[in-house]
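To keep things clear, I will list the structure first and then write my remarks on it.
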Amino acid sequence: MRENLAIKVRVALVRKNMTQSDLAKILGISGAYLSDILNGRRKSEKQIELIKKALNIEDDN
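Residue numbers (UniProt numbering): 1 to 61.
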């Protein structure tokens, strides 16, 4: 995951008063898997799109 998008996710989580665990539950994935995606250890375009949709984040490609 690109660094700027990871930052947007973290900012959105703070603004929504959510944790990564909360987001992981919404997405139906483990917290560890979400962490791996956010830290760039795993690449899943499908999950990235779901994360952006869940947090209403637009990617500025």
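Ideal Cβ placement from N, Cα and C applies to all residues, glycine included.
As the structure is a computational prediction, the values presented were derived from the model and not from experiment.
Fill in: Per-residue DSSP class, three states only, for I48
helix
Item to complete: Ignore the nearest five residues each way along the sequence and tell me which others in I57's own chain have a CB closer than 8 Å to its CB.
Response: L5, K8, V9, A12 and I51
Item to complete: Please classify K16: does DSSP put it in a helix, a strand, or coil?
Response: coil
Worksheet item: What does a CB cutoff of less than 8 Å around R42 pick up in its chain, not counting 5 residues either side in sequence?
Response: Y33 and D36
Practice prompt. Closer than 7 Å by C-beta to G31: which residues in its own chain qualify, once you throw out the five before and the five after it? Chain order, please.
Written response: Q20, S21 and A24
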